[in-house]
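Structure, as C-alpha cells:
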Amino acid sequence: MKAKPRPSPRVSVPPPKSWAIPSKFVISKRIRWSACASPQTALLPPHPLPPAYKSSPKSQTLLHPHPPRTHPSSDAISDDLPKSAARAREGEGRIRPMATMQHQAAAAPPSTTTGGGQRAMDLYEKLEKVGEGTYGKVYRAREKATGRIVALKKTRLPEDDEGVPPTAMREVSLLRMLSQDPHVVRLLDLKQGVNKEGQTILYLVFEYMDTDLKKFIRGHRNNREKIPEATVKILMYQLCKGVAFVHGRGVLHRDLKPHNLLMDRKTMALKIADLGLSRAITVPIKKYTHEILTLWYRAPEILLGATHYSTPVDIWSVGCIFAELVTNQPLFPGDSELQQLLHIFKLLGTPNEEVWPGVDKLPNWHVYPQWKPTKLSTLVPGLDADGYDLLEKMLVFEPGKRIPAKKALEHPYFNDVRKEMH
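Residues 0 to 421 in numbering that gives the first Met the number 0 are what the sequence shown spells out, letter by letter.
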C-alpha cells in the first residue's frame, strides 16, 4: 500500500535586511463578486498560501519563493513605510501578508455598503457626466434619499467572466482601507447594477469634489495669474500628507498627476483620487509594468525600463506637480518616452554612475548626450530657498535618495502652514 504523499511544506525565507518593503497584501487578478458582499468580507484568503501556489489559472502567484533582482536603490525607502516592515526584515518567521483585506476592511468607514438590496439607479440620480477615470465614466449624481451630491463612477464588468476586473477590485479594496484619511477621496457606497443591454455594472459612489488640480492650474494660467505662494504651500502640504498616508499603508499610487487630485474650490481641500493603477507593496518586491503614469509625471527609472520600483516613483510625480503649481506650466512636457527622458536630462543634467549608481544597468539605458544641470531657480522661478531645497530633494535621479513624503512634511518649507493645519 502506497503511503499518502505528504503535503509540501511552506517555504521559510527570512528576507534580507536590504528589503525595506512591507509584505502588506496582494490583490488577486480576479475575485468573484460574492467576495465583496459586505465591507467586513475578506477580499483575499484569510490565511497565507504556499509561496508558489496559484489559486487558479487566472490568479497571480501570491508569494514567490525566490526574491527577484531589486532596483539598486530599493533598500532606501524604509522611512516611508510601516514599522512592521522592519520586523519583516528582522526575519520573524516565514514571509506572510502583514494584514489580509479582511482586517483592512474592518477599518473602513462604517458608511460603506456593497451590493444587494436596491439597484444603484433606484438610489442615485445621474445629473451630468463630469469625466472619465482611468477605468470608468464618472457622473455627478444626487442621492435620492438625502439630496446629497456624490460622484458616481461607473465600471462595466466583462461578460465572459464571473469575476470583477482586477483594476476595479484593486481600487475598491484599496479605497476601503485608504478612505479613512481626509486627504484621500472617500468611498461612500458600492453597488452592482445592470444596464439596458443586460451587462453587469459596478458603481462606486464617492464624495463629490467640484474641481481638480489640473483645472485649478489651467484657470490661473488662462487668467495669467500666479497661484499665491501660501496656496501652493497649503496644497502641497495636503498632497504630501495624503501620499505619506498611502505609502504608510504599503501602497503605491503610480498615477499621481493634477487631474487625479480633487479639490474643493471654497475650502482648498485637496484629495488623492483614481487609485485604478495603485499597487500594494509586497515582499519580495514584485515585478511591475513600467507602462504607468502619465508621461509628464513619470519617474526616470520607469522611463528607463525599471520594473522593480517603489514609493520614490510617486515622490518624483509630487515634485513635478510642485513645480507646475509654481509656474502654471508642466516641468517636463515630453511627447514620447525618449523625448521625455531627453527633456529631463536637458534640464537636470545627464545622469551617470556617480550621480545614480546602477543607471547603466537599466533596460532602456543608452549613451545619451551629456548635458549639465540647470539651476532650479531658473527652471522654477518664484520659490524661496526652502522651496528650492524641497523640490531638489524630490527630483533626485537616484530613487532611494528622494525625500520620503513623511520627511517632506517636516521640511522647513512647511513650517508656517504646518501650524495652521494642526
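Don't be surprised by glycine CBs; every beta carbon is placed ideally from N, CA and C.
Assignment of beta-bridge partners to residue 262 by DSSP yields 210, 269. Counting the other Cβ atoms within 10 Å of the Cβ of residue 211 gives 16 or more, which makes it buried. Cβ-Cβ separation between residue 311 and residue 398: approximately 4 Å, consistent with a contact (criterion under 8 Å). Residue 400 and residue 394 have their C-alpha atoms some 9 Å from each other. Residue 344 carries a helical assignment under DSSP once its states are collapsed to helix, strand and coil.
Here the region 376-395 lies against the region 316-336, with 3 or more beta-carbon pairs under 8 Å apart.
Taking each of 235, 142, 388, 230 in turn and checking the Cα distance to residue 121, the smallest one comes out for 142. DSSP places residue 237 in the uninterrupted alpha helix (DSSP H) bounded by 228-247. Excluding sequence positions up to five before and after residue 182, its CB lies within less than 8 Å of the CB of 237, 238, 240, 241, 244, 269, 270, 271, all in the same chain and listed in chain order. DSSP places residue 322 in the helix class (H, G or I) of the three-state scheme. Excluding sequence positions up to five before and after residue 362, its CB lies within less than 6 Å of the CB of 304, all in the same chain and listed in chain order. In the three-state reduction of the DSSP assignment, residue 404 falls in the helix class, which pools H, G and I. Under the 10 Å beta carbon count, residue 148 is surrounded by fewer than 16 other beta carbons and is classified as exposed. By the beta-carbon neighbour count (other beta carbons within 10 angstroms, threshold 16), residue 176 is buried. Taking the CA atoms as reference points, residue 417 sits about 20 Å from residue 246. Residue pairing from DSSP leaves residue 304 without any beta-bridge partner. Taking a contact as a CB-CB distance under 8 Å, the pair residue 225 and residue 219 counts as one, their CB atoms being some 7 Å apart.
For residue 351, the closest of 232, 316, 374, 300 by C-alpha to C-alpha distance is 300. Residue 377 carries a helical assignment under DSSP once its states are collapsed to helix, strand and coil. Under the three-state reduction of DSSP, residue 124 is assigned to strand. Residue 367 carries a coil assignment under DSSP once its states are collapsed to helix, strand and coil. Going by beta carbons, residue 255 and residue 309 fall outside the 8 Å limit.
DSSP places residue 138 in the uninterrupted beta strand (DSSP E) bounded by 135-142. For residue 418, the secondary structure class from DSSP, reduced to helix, strand or coil, is helix.
DSSP places residue 205 within a strand segment (E or B) once states are collapsed to three.
At least 8 Å separates the beta-carbon of residue 337 from that of residue 174. In terms of Cα proximity to residue 229, the closest of 251, 217, 267 is 267.
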